[in-house]
Amino acid sequence: MLVAGVRAFGGEVQTFDVDDPQPLAVDEVLIEVRSAGVGNWDDIIRTGGWDVGTSPPLALGVEAAGVIIAVGAEARGVRVGDEVLCHPVPLRGQGAWAPRLIAPVSSLAHKPSEISWETAAIFPVPALTAEQVVDEALHLNGEETLLVHGAGGITGSLIVQLAALRGVDVLATAGPRSADRVLASGAREVIDYHDPGWPQRAKALAKGPIDAAANAAPGGAAAAMTVLADGGRLASITPDHPASTRGVDVTAVYVRSDGAQLTRLSALLGSRRLSMPNPRPYPLLQAAEALAQVVANHAPGGVVITNDT
Ligand SMILES: NC(=O)c1ccc[n+]([C@@H]2O[C@H](COP(=O)([O-])OP(=O)(O)OC[C@H]3O[C@@H](n4cnc5c(N)ncnc54)[C@H](OP(=O)(O)O)[C@@H]3O)[C@@H](O)[C@H]2O)c1
Numbered sequence: 330m331l332v333a334g335v336r337a338f339g340g341e342v343q344t345f346d347v348d349d350p351q352p353l354a355v356d357e358v359l360i361e362v363r364s365a366g367v368g369n370w371d372d373i374i375r376t377g378g379w380d381v382g383t384s385p386p387l388a389l390g391v392e393a394a395g396v397i398i399a400v401g402a403e404a405r406g407v408r409v410g411d412e413v414l415c416h417p418v419p420l421r422g423q424g425a426w427a428p429r430l431i432a433p434v435s436s437l438a439h440k441p442s443e444i445s446w447e448t449a450a451i452f453p454v455p456a457l458t459a460e461q462v463v464d465e466a467l468h469l470n471g472e473e474t475l476l477v478h479g480a481g482g483i484t485g486s487l488i489v490q491l492a493a494l495r496g497v498d499v500l501a502t503a504g505p506r507s508a509d510r511v512l513a514s515g516a517r518e519v520i521d522y523h524d525p526g527w528p529q530r531a532k533a534l535a536k537g538p539i540d541a542a543a544n545a546a547p548g549g550a551a552a553a554m555t556v557l558a559d560g561g562r563l564a565s566i567t568p569d570h571p572a573s574t575r576g577v578d579v580t581a582v583y584v585r586s587d588g589a590q591l592t593r594l595s596a597l598l599g600s601r602r603l604s605m606p607n608p609r610p611y612p613l614l615q616a617a618e619a620l621a622q623v624v625a626n627h628a629p630g631g632v633v634i635t636n637d638t
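Residues in the sequence shown are numbered from 330 upward in steps of one, following the numbering used here.
Following this line, the structure appears as structure tokens:
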């Protein structure tokens, strides 16, 4: 099958043929991919910085939406014809920029019928990451104040939305192009991160001490930590993890595949309690351009690789 990915770590994104998916293990399904998400983490995989369990020649892509076309002997709760989304890492074969994808049933959620293939495909990684920040790393409750740094991105926006759903008072940083969208996501105040005085502005806008901060801005974790009260909690999803000072609890969050969690998050998306942008579609043959757009920060609404069916 024709896939888009790399023949060696660090190589350019190309299309090339790989073997068809191997026979399914008992806990796996085979998905006909309709759309696959493109994130800047794919560039980290491309260069060997994130071990997704398979080595090149490798199709990139670690999130997808599609239709199940075969099920393993012990794949419970799913059938051929089901519409699903997933973040199936560690990969069982090739990645998702491909016509077909093997995924363990434990990584799957059913796709809400109201949600497009494209939107479903860019949901798994940001949604799982955001939930793992809000629930598992920061344990936020509705009495607290949260600062989200880098809320203009898809993951940052979902952190804002999930915290606001809990009743948390959310302050956020974003650039001018994203400010209205972040306010609509549930932030009480949005501060432009281009202003070097944004941490002071955030503290001035808070109703009391800032209990927790989530950093989704590349290189932004140390600045995010400065807004926290002594003994506060910082969770960062970018590779810069500052040492703890003033008793701040610092957690580095790396997204984990979790089908049950993705199922709960997908239900929130289907009922419109979470919102997502409509990503820009690219054909498989333009995967290199699709990734370049994301890496250059030119695609605030997200990007997908879409297969013709
Ligand atoms: N650890 C993990 O498991 C994990 C999981 C998901 C994502 N990530 C990482 O988290 C980061 C955000 O992911 P994402 O999905 O939200 O990416 P995204 O959708 O591509 O986010 C892009 C947005 O980031 C904002 N931004 C860029 N530079 C910024 C800065 N210096 N300060 C504040 N905001 C800035 C911009 O917002 P404006 O439009 O407001 O300017 C831009 O629109 C990426 O680096 C990604 O690789 C890590």
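Yeah, the Cβ is synthetic: ideal placement off N, Cα and C, and Gly gets one too.
Original post:
In chain order, what residues of the same chain have a beta carbon less than 6 Å from the beta carbon of residue 435, not counting five sequence neighbours either side?
Top reply: 588
**OP:** State buried or exposed for residue 600, treating a residue as buried only when at least 16 other CB atoms are found within 10 Å of its CB.
**Re:** exposed
Original post:
Under a three-way DSSP split, which group does residue 528 fall into?
Top reply: helix
Original post:
What is the residue span of the alpha helix (DSSP H) that residue 486 lies within?
Top reply: 483-494
Original post:
Going straight from the alpha carbon of residue 539 to that of residue 493, what length do you get?
Top reply: 15 Å
Original post:
Measuring from the CB of residue 416, is there a heavy atom of ligand 1 at a distance below 7 Å?
Top reply: no
Original post:
Which value, in whole angstroms, describes the spacing of the CA atoms of residue 570 and residue 579?
Top reply: 8 Å
Subject >> Which listed residue (417, 364, 428, 365) has its alpha carbon closest to that of residue 380 >> reply: 417
**OP:** Note down, in chain order, each residue of its chain lying with its Cβ closer than 8 Å to the Cβ of residue 373, except the 5 sequence neighbours on either side.
**Re:** 379
Original post:
Between which two residues does the alpha helix (DSSP H) carrying residue 372 extend?
Top reply: 369-375
Original post:
Tell me which same chain residues have a C-beta within less than 7 Å of the C-beta of residue 351, skipping the five on either side of it?
Top reply: 422
Original post:
For residue 541 versus residue 614, is the C-beta distance shorter than 8 Å?
Top reply: no
**OP:** Give a single yes or no on whether residue 556 has its beta carbon closer than 7 Å to a heavy atom of ligand 1.
**Re:** no
Original post:
First and last residue of the beta strand (DSSP E) that includes residue 632?
Top reply: 632-635
**OP:** Name, in chain order, the residues that DSSP records as bridge partners for residue 439.
**Re:** 413
Subject >> Distance, residue 597 Cα to residue 661 Cα >> reply: Because the chain here runs from 330 to 638, residue 661 falls outside it and cannot be looked at.
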